[in-house]
Amino acid sequence: MNKSPFPPGEASQVKEQFTCRICSSMGEHKVFLVPEFQCGTKEIFKYFECSNCGCLQHAEIPADLGRYYPTDYYSLRPVEGTGLKKKFKHILDRKRDRSAFYGKGVLGWLLRVASPGVTSALNKLRRLDLNHDTRILDVGSGSGHFLHFLADEGFRRVTGVEPFIPKTLHYPNGLKILKQNFTELNGEWDVILFNHSFEHIPDNIETLQHAHKLLASGGWCIIEIPSVSSYAWHHYGIYWHQLDAPRHIFLHSLKSFQILAEKSGFIIRETHYTSDPSQFWGSENYSRGVKPKATRTAVERISNLIYRSASFIPQYLRTYKLNQEKQGDAIAFYLQKK
Ligand SMILES: [Zn+2]
Numbered sequence: 005m006n007k008s009p010f011p012p013g014e015a016s017q018v019k020e021q022f023t024c025r026i027c028s029s030m031g032e033h034k035v036f037l038v039p040e041f042q043c044g045t046k047e048i049f050k051y052f053e054c055s056n057c058g059c060l061q062h063a064e065i066p067a068d069l070g071r072y073y074p075t076d077y078y079s080l081r082p083v084e085g086t087g088l089k090k091k092f093k094h095i096l097d098r099k100r101d102r103s104a105f106y107g108k109g110v111l112g113w114l115l116r117v118a119s120p121g122v123t124s125a126l127n128k129l130r131r132l133d134l135n136h137d138t139r140i141l142d143v144g145s146g147s148g149h150f151l152h153f154l155a156d157e158g159f160r161r162v163t164g165v166e167p168f169i170p171k172t173l174h175y176p177n178g179l180k181i182l183k184q185n186f187t188e189l190n191g192e193w194d195v196i197l198f199n200h201s202f203e204h205i206p207d208n209i210e211t212l213q214h215a216h217k218l219l220a221s222g223g224w225c226i227i228e229i230p231s232v233s234s235y236a237w238h239h240y241g242i243y244w245h246q247l248d249a250p251r252h253i254f255l256h257s258l259k260s261f262q263i264l265a266e267k268s269g270f271i272i273r274e275t276h277y278t279s280d281p282s283q284f285w286g287s288e289n290y291s292r293g294v295k296p297k298a299t300r301t302a303v304e305r306i307s308n309l310i311y312r313s314a315s316f317i318p319q320y321l322r323t324y325k326l327n328q329e330k331q332g333d334a335i336a337f338y339l340q341k342k
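So this is what it looks like as structure tokens:
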């Protein structure tokens with residue numbers, strides 16, 4: 005189990021002078037040295053936690069962030085694979101996605117519990133009053149997994165924008181994924197979604213102000229992000245799975261996100277806690293020094309599978325409880341223009 009995860013209050017007595025990029029607080033903020041865990045490079049990145057708004061952020065944002073995204077990064081994988089095994093997986097994924105979007109189907113629900121994949125985005129959209137002409141933009145869409153599902157379901161005006169794909173993608177069902185920076189995009193949208201992409205964006209205020217500009221009157225901007233206002237950050241500290249240095253640039257608290265929304269001309273209409281059990285098993289793996297999935301031996305894979313299986317139900321129940329208590333490590337904010 006975790007030998008030395010520390011609550012952030014005890015993690016670092018070192019404070020350094022920084023200016024918070026969210027609330028502009030100048031002064032001494034607590035410093036954390038965070039290793040890269042997902043790819044296993046263990047390269048160290050310095051973060052600080054704003055003593056005013058609580059936002060955890062890079063002390064210095066790396067200049068070339070693109071090099072920290074491997075080519076097989078999960079959101080950039082092709083939507084439809086070839087080969088029988090991948091085609092079978094695609095059929096199961098569709099059952100799961102339909103369950104998330106329409107709220108029906110026992111098999112789909114079970115598949116979601118076992119492997120949520122992109123369903124959290126579909127689950128969030130289900131709360132809105134959508135029709136096939138609703139203009140939906142997904143920012144940081146990767147190769148467009150859940151948008152592809154929506155286009156297949158008859159949504160004609162769905163688009164993704166993703167700077168890290170090799171080129172703009174045109175799918176046979178009409179879906180387009182633009183290789184572009186969001187802040188260079190024009191147009192008007194009824195729904196702008198950042199599904200675990202906002203934490204990867206260096207300029208939060210400029211980005212949210214641009215979303216405000218592109219959002220139609222009465223439209224929704226939905227942002228789901230990891231949050232430091234959570235049990236997982238306070239318990240696991242630098243081993244917190246969702247810290248994901250250096251790719252996650254801002255890890256917001258409730259207070260810092262509220263400040264950001266205000267500065268960008270939005271009000272927060274709804275807040276939903278959406279954490280999943282990876283807050284436990286992912287953080288435990290990092291704190292126990294378990295190797296990244298791609299580099300594990302067969303024995304290590306089996307050992308991890310046994311651990312995951314044995315802890316699945318208790319972790320699932322703890323996750324449900326944390327979300328109810330507003331202590332889960334992921335939050336979906338529903339914003340509208342002021
Ligand atoms: Zn701050």
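Per the numbering used here, residue 5 is the first one in the sequence shown, and the count goes up by one each step.
We put the CB at the ideal spot given by N, CA and C, even for glycine.
In the DSSP assignment, Gly31 forms a beta bridge with Phe22. Collapsing the DSSP output to three states places Leu339 in a strand. Counting along the chain, Leu321 sits inside the alpha helix (DSSP H) bounded by residues 302-328. In the structure shown, the three-state DSSP call for Leu141 is strand. Straight-line spacing of the CA atoms in Pro296 and Trp285 works out to 13 Å.
Taking the Cα positions, His174 is about 50 Å away from Val18. Distance from the CA of Glu157 to the CA of Gly31, rounded to the nearest whole angstrom, comes to 51 Å. Ordered along the chain, residues surrounding ligand 1 are Cys24, Ile26, Cys27, Ser29, Cys54, Asn56, Cys57, Cys59, Ser260 [Cβ under 6 Å from any heavy atom]. If you draw a straight line from the Cα of Leu182 to the Cα of Lys99, it is about 27 Å long. Per DSSP, the beta-bridge partners of Glu228 are Asn199, Ala336. Arg273: member of the beta strand (DSSP E) spanning 270-277, first to last residue.
A straight-line Cα-Cα distance of about 34 Å links His136 and Ile263. The shortest CA-to-CA distance from Gln331 to any of Ser313, Ser231, Val294, Tyr290 is the one to Ser231. When C-alpha distances from Asp207 are compared across Lys128, Lys108, Ala67, Tyr72, the shortest belongs to Ala67. For Glu192, there is no enclosing beta strand (DSSP E), as DSSP gives it neither H nor E.
Residue state for Ser103 is assigned as helix, using DSSP reduced to three classes. Around the beta carbon of Leu111, fewer than 16 other beta carbons sit within 10 angstroms, so the residue counts as exposed. Per DSSP, the unbroken beta strand (DSSP E) holding Tyr51 starts and ends at 48-53.
Inclusion of Thr211 and Thr187 in the CB contact set at 8 Å is warranted, their separation being smaller than that value.
The residues Cys57, Gly58, Cys59, Ser231, Val232, Ser233, in chain order, have a CB closer than 7 Å to that of Ser257 in the same chain once the five nearest residues on each side in sequence are set aside. When the five nearest sequence neighbours on each side are left out, the beta carbons in the same chain lying within less than 6 Å of the beta carbon of Tyr73 are those of Phe168, in order along the chain.
His149 and Leu126 have their C-alpha atoms spaced approximately 10 Å apart. According to the DSSP assignment, Thr211 belongs to the alpha helix (DSSP H) that extends over 208-218. Asn185 sits away from Ala155, with the two beta carbons spaced by 8 Å or more.
Measuring C-alpha to C-alpha distances from Trp237 to each of Val38, Ser29, Thr23 identifies Val38 as the nearest.
Ser291 sits close to Tyr240, with the two beta carbons spaced by under 8 Å. Just measuring C-alpha positions, the residue of Tyr106, Ala63, Leu255 sitting nearest His204 is Leu255.
Ranking Asn327, Thr123, Asp133, Ala118 by CA distance to the CA of Asp194 puts Asp133 first.
In the DSSP secondary-structure assignment, Lys180 is bridged to Thr163, His174.
In its chain, beyond the 5 residues on either side, Lys50 have a beta carbon closer than 8 Å to the beta carbon of Glu64. Beyond the five residues adjoining it in sequence on each side, Cys54 comes within less than 6 Å, by CB distance, of Cys24, Ser29, His33 in the same chain, given in chain order. C-alpha of Leu197 to C-alpha of Leu218: approximately 12 Å in a straight line. When beta bridges are read from the DSSP output, Leu60 appears opposite Glu53, Leu255. Per DSSP, reduced to three states, the secondary structure at Ser221 is strand.
The C-beta of Gly107 has fewer than 16 other C-beta atoms within 10 Å across all chains shown, which makes the residue exposed.
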